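Enquirer: Okay, so the sequence shown: first residue is 29 according to my numbering, each after it adds one. Ideal placement from N, C-alpha and C gives every residue a C-beta, glycine not left out. Just so you know, these numbers come straight off a predicted model, no measurement behind them. Sharing a structure below in structure tokens format, with a few things to ask.
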Amino acid sequence: MKKNRQYAPKLNSRQNQILRFQTRYFWFILGIIIIAGFGLRAADLRADPPPDLSWSFAPYTDESLNTYSARNFALYGRWKMDDFLPFVIYPLVNMVVALIYKILGIGFVQVKLLSLISGVLSIVILTLIFRTEKNTAPALLSALLLATCYPLVMYSRLGLVETLEILFLLLTGLFWLQGLRCPALMTAAGFCAAATVLLVKLSAVFLVPVMLILIAIELPAFPNRKRMTTVLLYFLTGVIIASLCWLLLVYLPYRNEYLRYVVRHSSESPAGHPRTLSAYLFNTFTFGLRSRLIPRMIWTALLGYLTLPWLGRSQSRLLRYTLFWFIFGLLMLGYMNYRPPRYEIILLPCLLIAAAAALCRILENGIIIPQTRPTIKKTLLYGIWLSPAVLQLMLYSSGFRNYPQPGRESGIILLSLTIGLVIAFAGYGLLRFREKSWAIKSGWLRGALVGLILILSLRLDIGQWSAWFSNRTYDLVTYSKAVDQLLPENAVVAGPWAPPVMIESRKRAIAVTDWANLDDLFSRFAVTHLILGEGETDRLLWERVSPEVKEKAKTLLQFRIRGQLISVLALNGSLSEH
Numbered sequence: 029m030k031k032n033r034q035y036a037p038k039l040n041s042r043q044n045q046i047l048r049f050q051t052r053y054f055w056f057i058l059g060i061i062i063i064a065g066f067g068l069r070a071a072d073l074r075a076d077p078p079p080d081l082s083w084s085f086a087p088y089t090d091e092s093l094n095t096y097s098a099r100n101f102a103l104y105g106r107w108k109m110d111d112f113l114p115f116v117i118y119p120l121v122n123m124v125v126a127l128i129y130k131i132l133g134i135g136f137v138q139v140k141l142l143s144l145i146s147g148v149l150s151i152v153i154l155t156l157i158f159r160t161e162k163n164t165a166p167a168l169l170s171a172l173l174l175a176t177c178y179p180l181v182m183y184s185r186l187g188l189v190e191t192l193e194i195l196f197l198l199l200t201g202l203f204w205l206q207g208l209r210c211p212a213l214m215t216a217a218g219f220c221a222a223a224t225v226l227l228v229k230l231s232a233v234f235l236v237p238v239m240l241i242l243i244a245i246e247l248p249a250f251p252n253r254k255r256m257t258t259v260l261l262y263f264l265t266g267v268i269i270a271s272l273c274w275l276l277l278v279y280l281p282y283r284n285e286y287l288r289y290v291v292r293h294s295s296e297s298p299a300g301h302p303r304t305l306s307a308y309l310f311n312t313f314t315f316g317l318r319s320r321l322i323p324r325m326i327w328t329a330l331l332g333y334l335t336l337p338w339l340g341r342s343q344s345r346l347l348r349y350t351l352f353w354f355i356f357g358l359l360m361l362g363y364m365n366y367r368p369p370r371y372e373i374i375l376l377p378c379l380l381i382a383a384a385a386a387l388c389r390i391l392e393n394g395i396i397i398p399q400t401r402p403t404i405k406k407t408l409l410y411g412i413w414l415s416p417a418v419l420q421l422m423l424y425s426s427g428f429r430n431y432p433q434p435g436r437e438s439g440i441i442l443l444s445l446t447i448g449l450v451i452a453f454a455g456y457g458l459l460r461f462r463e464k465s466w467a468i469k470s471g472w473l474r475g476a477l478v479g480l481i482l483i484l485s486l487r488l489d490i491g492q493w494s495a496w497f498s499n500r501t502y503d504l505v506t507y508s509k510a511v512d513q514l515l516p517e518n519a520v521v522a523g524p525w526a527p528p529v530m531i532e533s534r535k536r537a538i539a540v541t542d543w544a545n546l547d548d549l550f551s552r553f554a555v556t557h558l559i560l561g562e563g564e565t566d567r568l569l570w571e572r573v574s575p576e577v578k579e580k581a582k583t584l585l586q587f588r589i590r591g592q593l594i595s596v597l598a599l600n601g602s603l604s605e606h
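Now the structure itself:
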């Protein structure tokens, strides 16, 4: 197999001293970074998330909905108590959270522990990935960026699925890189890759083309066919093990429920999918726009995005994996009309990895633009790559006044593509005119530039975290406790807001969505109380309550969660008769 040649610059005496310092105190520095990352994620877990973290109510509702099966198993010994069964889509999350509930009890802190641990472990795994390529400085720098990245920190504080998905994507990369050296570890790579899709989150299906491309690139480079076949068989063994786990735990016991979930979240999704190429491209180009993810980490996001294509073409297998992860993840997200920021954060580690690698290369040799001979094909591709950044800059600078109406996306897409290509071909002309690399020769100047970018990035991250922490609220915890004390022990509570509000209660809470437990709720369950918000599903549920029961219903409590009015209603007796 061809050696994976790493970038090895000539180092002066000062750089050698820095390198020795990094190597000698690597684990000490990493320990400090991990403690800082843990502290940011674990501080006051009972506090509400920032109100501007997402345009959706997912930070308030989805941790209880994603782990709904875990709560049912912990309280009643069954994954399925009604038509809502997230276990079939998020089996690993529900199994681990159910175990946590069994050991520590149910509660707001307990539901977040898996996500918290996954976020901290991701820092460690990313560091180990860089260490496999013997890159000490990028390992520490990427760990620092990941530990302090504000969106990733805040989502690690919520009991959602995406933080665990990021961990498994990183584990897949780690075992893939290690498996190319030690074939037996390819079993772990195959298992993690398949488990990411089947056991963690189905939308991680974009990992399938990523791994197929990497296999097509890497395995033919082995010097003998026998070793290549061995590596492939180990990888497939891991895939088969994960698939068997999914088959036995999920598909065979809950086949109908699984297929129902898949259909509901794909072809029958209420939000729909882009119907034209321009609509799809607009969805793809506006990654992180509505959620303002990019401005929250503008320095590392911009640097990472601009350099990722060039870094991904290097000899680094990590950066190659990162590039394909980002591209296919972005293409997958473009297919979704409903795309809250928690879906999009899975791409943020890619930008942080690229930013860390770019900063370290600037620090080591000062190269801003490497010596290269551009081609028309490369320039064309990079112009397309620049187009999303151009489009988002246009929308931000105009205050979103030129945000297109549905069906009219083609104009702004064409304009952004044109500007991106003009910028790329202008760069093509400059590089053809000057074939030498563009570099900063002064070591002090290089250090100052890298230090400035790091300071700006850390100041942005810590500033946002501090602003939230100094103004944090406890609305959901406070009202949840009040509702639990208000309701009788035999209460059966239903509604879209029932699981979030009752997350710390042992009373029966039935989730209602626009496709689960909505039409036959009152004929199947002796519902005594409803917890309703102001959403569409809340309205549909209230319409299904008979006029007689509506007249007798009594509002026990009303409160607001991030501006939405939540009502707790007592119903007169069992509704099973109506």
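How far does the beta strand (DSSP E) with residue 613 in it reach, from first residue to last?
Expert: This structure gives no information on residue 613, because the portion of the chain shown stretches from 29 to 606.
Enquirer: Return the first residue and the last residue of the alpha helix (DSSP H) that residue 585 is part of.
Expert: Here residue 585 refers to the residue found at position 557 when the sequence shown is read from its first residue. Not the alpha helix (DSSP H): residue 585 falls in the beta strand (DSSP E), residues 582-589.
Enquirer: Helix, strand or coil for residue 283, going by three-state DSSP, please let me know.
Expert: Here the question's residue 283 lines up with position 255 in the sequence shown. Helix at residue 283.
Enquirer: Distance, Cα to Cα, residue 282 vs residue 139?
Expert: In the sequence shown, residue 282 corresponds to position 254, counting from 1. In the sequence shown, residue 139 corresponds to position 111, counting from 1. Straight through space, the alpha carbons of residue 139 and residue 282 are spaced by roughly 24 Å.
Enquirer: Which stretch, first to last residue, makes up the alpha helix (DSSP H) that contains residue 148?
Expert: Mapped onto the sequence shown, residue 148 falls at position 120. Residues 141-160.
Enquirer: Cα-Cα, which of 323, 467, 202 is closest to residue 391?
Expert: Taking the first residue of the sequence shown as position 1, residue 391 is located at position 363. It is 467.
Enquirer: How would you write the range of the beta strand (DSSP E) that residue 592 sits in, first residue to last?
Expert: By one-based count along the sequence shown, residue 592 stands at place 564. Judged by DSSP secondary structure, residue 592 falls within the beta strand (DSSP E) whose first and last residues are 592-598.
Enquirer: What three-state label does DSSP hand residue 468 in the structure shown?
Expert: The count along the sequence shown starts at 1 and reaches residue 468 at position 440. Reduced to three states, the DSSP call for residue 468 is coil.
Enquirer: Report yes or no: do the region 153-173 and the region 335-351 share at least 3 C-beta pairs separated by less than 8 Å?
Expert: With a cut-off of 8 Å on Cβ pairs, the region 153-173 is in contact with the region 335-351, counting three or more such pairs.
Enquirer: Between which residues of its own chain and residue 360 is the CB-CB distance below 6 Å, once the five residues before and five after are set aside?
Expert: The count along the sequence shown starts at 1 and reaches residue 360 at position 332. Sequence-distant partners of residue 360 (beyond 5 residues in either direction) whose C-beta falls short of 6 Å from its own C-beta, in its chain, are 234.
Enquirer: To the nearest angstrom, how far is the alpha carbon of residue 212 from that of residue 269?
Expert: In the sequence shown, residue 212 corresponds to position 184, counting from 1. In the sequence shown, residue 269 corresponds to position 241, counting from 1. If I take the Cα positions, the gap works out to 14 Å.
Enquirer: Tell me where the beta strand (DSSP E) around residue 520 begins and ends.
Expert: If you number the sequence shown from 1, residue 520 lands on position 492. From DSSP, the beta strand (DSSP E) with residue 520 extends over 520-522.
Enquirer: Identify the residues that DSSP records as bridge partners of residue 536: which are they?
Expert: The residue given as residue 536 occupies position 508 in the sequence shown. Partner(s): 520.
Enquirer: How many Å lie between residue 389 and residue 395 at the Cα?
Expert: Mapped onto the sequence shown, residue 389 falls at position 361. Mapped onto the sequence shown, residue 395 falls at position 367. Cα to Cα, residue 389 sits roughly 7 Å from residue 395.
Enquirer: Could you tell me the distance, in whole angstroms, from the CA atom of residue 683 to the CA atom of residue 428?
Expert: There is simply no residue 683 to check, as the chain begins at 29 and stops at 606 in what is shown.
Enquirer: I'd like the list of long-range same chain contacts for residue 407, defined as Cβ closer than 7 Å, with 5 residues on each side in sequence excluded.
Expert: Residue numbering aside, residue 407 sits at position 379 when the sequence shown is read from its first letter. Here the set comprises 452, 453, 456.
Enquirer: Quick one: is residue 291 buried, meaning 16 or more other Cβ sit within 10 Å of its Cβ, or exposed?
Expert: Reading the sequence shown from its first residue, position 263 is the one you call residue 291. So residue 291 counts as exposed.
Enquirer: Go ahead and label residue 312 buried or exposed: buried means 16 or more other beta carbons lie within 10 angstroms of its beta carbon, across all protein chains shown.
Expert: Position 284 of the sequence shown, counting from 1, holds the residue named residue 312. Residue 312 is buried by the Cβ-count criterion.
Enquirer: For the alpha helix (DSSP H) holding residue 381, just list the boundary residues, first then last.
Expert: One-based indexing of the sequence shown puts residue 381 at position 353. Element bounds for residue 381: 376-393.
Enquirer: Does the count of Cβ pairs from the region 136-155 and the region 193-208 closer than 8 Å reach three?
Expert: yes
Enquirer: Which full runs of the beta strand (DSSP E) of 3+ residues lie inside the region 421-457, going along the chain?
Expert: Segments of the beta strand (DSSP E) lying fully in the region 421-457: there are none.
Enquirer: Which residues bound the alpha helix (DSSP H) around residue 331?
Expert: If you number the sequence shown from 1, residue 331 lands on position 303. Counting along the chain, the alpha helix (DSSP H) containing residue 331 begins and ends at 326-340.
Enquirer: Grab the span of the alpha helix (DSSP H) containing residue 559 for me, first residue to last.
Expert: On the sequence shown, position 531 is the one that residue 559 refers to. Run containing residue 559: none in the alpha helix (DSSP H); it sits in the beta strand (DSSP E), 557-560.
Enquirer: Can you give the Cα-Cα distance for residue 341 and residue 172, rounded to whole angstroms?
Expert: Working through the sequence shown from its first residue, we reach residue 341 at position 313. Working through the sequence shown from its first residue, we reach residue 172 at position 144. Cα to Cα, the separation comes out at about 24 Å.
Enquirer: Could you give the residue range of the alpha helix (DSSP H) that holds residue 317?
Expert: Residue 317 sits at position 289 when you count from the first residue of the sequence shown. Unbroken run through residue 317: none, as it is neither H nor E.
Enquirer: Who are the Cβ neighbours of residue 188 in its own chain at under 7 Å, not counting the five residues just before and after it?
Expert: What you label residue 188 is simply residue 160 of the sequence shown in a count that begins at 1. Answer for residue 188: 90, 91, 94, 143, 370, listed in chain order.
Enquirer: If you check the beta carbons only, do residue 237 and residue 81 fall under 9 Å apart?
Expert: Against the sequence shown, residue 237 aligns to sequence position 209. Against the sequence shown, residue 81 aligns to sequence position 53. Against a cut-off of 9 Å, the Cβ pair of residue 81 and residue 237 comes out as no contact.
Enquirer: Using a Cβ-Cβ distance under 9 Å, would residue 89 count as near chain C?
Expert: In summary, chain C is missing from the structure at hand, where a single protein chain is found.
Enquirer: How about residue 572 and residue 550: are their beta carbons less than 9 Å apart?
Expert: To locate residue 572, count along the sequence shown from 1; it is residue 544. To locate residue 550, count along the sequence shown from 1; it is residue 522. Contact flag set, yes.
Enquirer: Whole-angstrom Cβ separation of residue 594 and residue 563, contact assumed at under 8 Å?
Expert: By 1-based counting over the sequence shown, the position of residue 594 is 566. By 1-based counting over the sequence shown, the position of residue 563 is 535. Contact doesn't hold; Cβ gap of about 10 Å is too wide.
Enquirer: Would the region 482-494 count as touching the region 502-522 if we require 3 or more Cβ pairs under 8 Å?
Expert: no
Enquirer: Within 10 angstroms of the Cβ of residue 33, are there 16 or more other Cβ atoms? Answer buried if so, exposed if not.
Expert: Here residue 33 is taken as the residue at index 5 of the sequence shown, counted from 1. Any answer about residue 33 is weak, because its pLDDT of 42 lies below 50 and its placement is not dependable; what the coordinates show is given next. Flag for residue 33 reads exposed.
Enquirer: Within its chain, find whatever has a CB closer than 6 Å to the CB of residue 78; leave out the 5 residues flanking it on each side and keep chain order.
Expert: Along the sequence shown, read from residue 1 onward, the residue named residue 78 stands at position 50. Answer for residue 78: 496, listed in chain order.
Enquirer: Below 9 Å between beta carbons: does that hold for residue 222 and residue 193?
Expert: Residue 222 sits at position 194 when you count from the first residue of the sequence shown. Residue 193 sits at position 165 when you count from the first residue of the sequence shown. No. Outside cutoff.
Enquirer: Taking the C-alpha atoms as reference points, what is the distance between residue 375 and residue 556?
Expert: Indexing the sequence shown from 1 puts residue 375 at position 347. Indexing the sequence shown from 1 puts residue 556 at position 528. Taking the straight line joining both Cα atoms gives about 43 Å.
Enquirer: What is the DSSP secondary structure of residue 63, counted as helix, strand or coil?
Expert: On the sequence shown, residue 63 is found 35 positions in, with the first residue counted as 1. Three-state DSSP puts residue 63 in a helix.
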